[in-house]
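K.L.:
Provided herewith is a single structure, encoded as structure tokens, for subsequent inquiry.
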Amino acid sequence: MQVTAASFKLIKKIKDEKFDEERLHQYTLLINIGVRDLQVAVVDTEDSRLLFFEDYVLGDLTSSDDWLGQLQSLFEAHPLLMAGFWKIVKIGIKNNKFVQVPSSLFIESSAVEYLRFNSHVDESKEVVLSDAPQQSGAVTVFALYKNVHEWLQGLYANTRLNFIHQSASLIEGVMNVDAHDNPPPLYLYIDRFKLHVISVKEGKLIYYNQFVIKQFSDYVKYIMLVLNALNMDQQKSKVILWGYIGKNSPHYQEFVKYIRNVSFGSRPAHLKFGYQFDEIQEHHFFDLYTIDLP
């Protein structure tokens, strides 16, 4: 299948006036890659200021080769992504082939076996990766298609390159904003096609899961399921929300009919944003920003 530039669509682009293409060697490149969408951000490592942002939707995919072809077309048409001299490149992977393993139990040689508890792994087509534990005390083990992994490694062979699973960046982000409320809130991230649910208590990860969403009623169904499992009160429990839902959207108005005590989450405190980013609601793209957490 021949893939053209029409297979992806740029939804949003913002560039800070301080962005300087001559200083890429001082910048961190963040790329958040899913099978249906992709986001790009650039952070100045000297002052942790977000300087550049883009949001893309990808076309329909039928195979890993198709996915790779779309990514290659997007990158080749992009003025920055093919550059190989960034200070750091951090790539977030959005998929459902992952498992969280307590760091005290993690053995690197057993990574494939850990992942097989949750997912089918085809070692002929997939590479199994892991990222280092942070505040959560868990190692995230996840799979990525070999052809995509090898292409990205080759593209950024001359810079420091890290692969991070979306679940790990979300958990780390929540751990950094958790206010140690009593009782603790439930944290939600609404992706374009999934719901992520996180619970943290006294600085420890209690719960994380992601759910595929096919219709709006699925959001309420899964949130109720988790609230009940964690013995949290539907009417009184505090819920903090990030993601692709507008503050004035019909979906949000419907959402708060069932989940009463809802507030929107803020951007990660470690990043600075210029006025150019005021047009993006603060609770959007939390999973992209948190890829940059140290």
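So for the sequence shown, the numbering used here puts the first residue at 965; every next one is plus one.
Here a beta-carbon is modelled for each residue, glycine too, at the ideal position from N, C-alpha and C.
Does the structure place the segment 1136-1155 close enough to the segment 1118-1126 that three or more beta carbon pairs sit under 8 Å?
P.N.:
No, because fewer than three Cβ pairs between the segment 1118-1126 and the segment 1136-1155 fall closer than 8 Å, the two stretches do not touch.
K.L.:
Take Leu-1079 as the anchor and find which of Lys-1089, Asn-1060 and Ile-975 has the nearest alpha-carbon.
P.N.:
Closest option to Leu-1079, Cα to Cα, is Asn-1060.
K.L.:
Give the secondary structure of Asp-1256 by DSSP, where H, G and I count as helix, E and B as strand, and everything else as coil.
P.N.:
Of the three classes helix, strand and coil, the one that applies to Asp-1256 here is helix, per DSSP.
K.L.:
I need the straight-line Cα distance from Ile-995 to Leu-1169, nearest angstrom please.
P.N.:
Taking the straight line from one Cα to the other gives about 25 Å.
K.L.:
For Val-1053, which option in Val-1141, Val-1006, Asp-984 and Asp-1024 has the closest C-alpha, if you only look at C-alpha atoms?
P.N.:
Considering only alpha carbons, the answer is Val-1006.
K.L.:
Where does Ile-975 land, buried or exposed, given buried means 16+ other C-beta within 10 angstroms?
P.N.:
Ile-975 should be labelled exposed.
K.L.:
Are the beta-carbon atoms of Phe-972 and Ser-1037 separated by less than 9 Å?
P.N.:
Yes, they are a contact pair.
K.L.:
Less than 9 Å separating the beta-carbons of Thr-1104 and His-1129?
P.N.:
Yes. Within cutoff.
K.L.:
Counting Cβ pairs, one atom from each stretch, are 3 or more of them under 8 Å apart for the segment 1014-1027 and the segment 1087-1101?
P.N.:
Flag = no, the segment 1014-1027 and the segment 1087-1101 do not touch.
K.L.:
On a CA-only basis, which of Asp-1251, Asn-1225 and Ala-1107 is nearest Arg-1231? Give me that one, please.
P.N.:
The shortest Cα separation from Arg-1231 among Asp-1251, Asn-1225 and Ala-1107 belongs to Asp-1251.
K.L.:
In whole angstroms, what separates the C-alpha of Val-1004 from that of Ile-1187?
P.N.:
Using only the alpha carbons, I get a separation of about 29 Å.
K.L.:
Taking the C-alpha atoms as reference points, what is the distance between Lys-1058 and Lys-1200?
P.N.:
C-alpha separation (whole angstroms): 32 Å.
K.L.:
Is Leu-1191 near the ligand FAD, in the sense that its beta carbon is under 8 Å from a heavy atom of that ligand?
P.N.:
Absent from the structure shown: the ligand FAD. Ligands present: none.
K.L.:
Taking one C-beta from the segment 1232-1239 and one from the segment 1005-1019 each time, how about it: are there three or more such pairs within less than 8 Å?
P.N.:
Taking 8 Å as the limit for Cβ pairs, the verdict is that the segment 1005-1019 does touch the segment 1232-1239.
K.L.:
Taking only three categories from DSSP, how would you classify Ile-1128?
P.N.:
The answer is strand: DSSP assigns Ile-1128 an E or B state.
K.L.:
Kindly list the residues whose CB is nearer than 6 Å to the CB of Leu-1002, restricted to its own chain and excluding five residues on each side of it in sequence; keep chain order.
P.N.:
Contacts found: Tyr-1020.
K.L.:
Hey, out of His-1144, Phe-1241, Arg-1224 and Lys-1110, whose CA is closest to Val-1092's CA?
P.N.:
Cα-wise, what sits closest to Val-1092 is Lys-1110.
K.L.:
Per DSSP, Phe-1016 is paired with what?
P.N.:
DSSP, once it has assigned bridges, lists Lys-979 and Val-1006 as partnering Phe-1016.
K.L.:
In this structure, what does DSSP give as the bridge partners for Tyr-1109?
P.N.:
Glu-1090.
K.L.:
Would you call Ile-1008 buried or exposed, if buried means 16 or more other Cβ atoms sit within 10 Å of its Cβ?
P.N.:
Note that residue 1008 is Asp in the sequence shown, not Ile. Result: buried.
K.L.:
For His-1247, does the three-state DSSP call read helix, strand or coil?
P.N.:
Correct three-state label for His-1247: coil.
K.L.:
Give me whichever residues DSSP pairs with Phe-1237 in a beta bridge.
P.N.:
Per DSSP, Leu-1014.
K.L.:
Please state the DSSP three-state secondary structure of Gln-1117.
P.N.:
Of the three classes helix, strand and coil, the one that applies to Gln-1117 here is helix, per DSSP.
K.L.:
Is there contact between the segment 1221-1230 and the segment 1189-1206, where contact requires at least three CB pairs shorter than 8 Å?
P.N.:
Touching, yes.
K.L.:
Rounded to whole angstroms, what's the CA-CA distance from Ala-1193 to Leu-1045? Just pull it up for me.
P.N.:
Rounded to the nearest angstrom, the two C-alpha atoms are 43 Å apart.
K.L.:
Less than 9 Å separating the beta-carbons of Gly-1101 and Ser-1131?
P.N.:
No; because the gap between Cβ atoms is not below 9 Å, this pair is not in contact.
K.L.:
What residue from Asn-1212, Ala-1047, Gly-1056 and Tyr-1171 has the CA that sits closest to Phe-1249's CA?
P.N.:
Nearest option by C-alpha distance: Gly-1056.
K.L.:
Near Ile-1177, what residues of its chain come up, given a Cβ to Cβ distance below 7 Å and the 5 sequence neighbours on each side ignored?
P.N.:
Result list for Ile-1177: Phe-1157, Lys-1158, Leu-1159 and Tyr-1183, in chain order.
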